[in-house]
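In this text, residue positions in the sequence shown follow this note's numbering: the first is 25, and each later residue adds one. Glycine included, C-beta positions come from ideal geometry on N, C-alpha and C. The next block holds one structure in the form of structure tokens; read it before the comments.
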Amino acid sequence: MNEAHVRIFAAIAAIPPGRVASYGAIAARAGLPGRARLVGRALGEVPDGMELPWFRVLRSSGQIAFSPGSRGFREQSKRLKAEGVEVRNGRVPMSAFGLDADLDRALWGMPG
């Protein structure tokens, strides 16, 4: 496994239950800003036996990346909802459930 993948997997593993992050945010936290597509590629190459909360990673819009109605889409929605994350029409409100939602609210007064 290469160093970039190790850093990406560590950033994903650090997302707490009930929170989500975008591919771009994970790339930035892994020290790879602008490499959101690399995060997606790494998620497709998770080694067998590695437990990773892959379902907490979404598009920057909060949208699930799988095709609506697909098995992956249904599984990701189910897992997020089980953690108390609101999923509506395949989208999660990042202002309420994003990794930095509390910080954004504290700084800018954004509604949750």
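Run the CB neighbour count on residue i, radius 10 Å, all protein chains shown included, and call it buried at 16 or more, exposed below.
i, result
"A106", "exposed"
"M118", "buried"
"A34", "exposed"
"R80", "buried"
"R112", "exposed"
"G136", "Annotation note: pLDDT 46 at G136 (below 50); position unreliable, coordinate value reported separately. So G136 counts as exposed."
"S46", "buried"
"R95", "exposed"
"S180", "No statement about residue 180 is possible, as the shown extent of the chain runs from 25 to 136 and does not include it."
At the level of alpha carbons, what is the spacing between residue i and residue j?
i, j, result
"S91", "F97", "6 Å"
"L123", "E99", "21 Å"
"A49", "R31", "13 Å"
"P40", "M25", "24 Å"
"D72", "A51", "22 Å"
By Cβ distance, which residues of its chain are closer than 6 Å to residue i, with the 5 residues on each side in sequence left out?
i, result
"R115", "G86 and Q87"
"G108", "G42"
Tell me residue i's beta-bridge partners as DSSP assigns them.
i, result
"Q87", "R115"
"L82", "S46"
"G122", "V44"
Would you mind giving the Cβ-Cβ distance between residue i and residue j, rounded to the nearest angstrom? I have them listed as a contact below 8 Å.
i, j, result
"A37", "L62", "Incorrect: roughly 17 Å between the Cβ atoms, too far for contact."
Could you pull out every residue in the same chain whose Cβ sits closer than 8 Å to the Cβ of residue i, ignoring the five residues on either side in sequence?
i, result
"E69", "H29"
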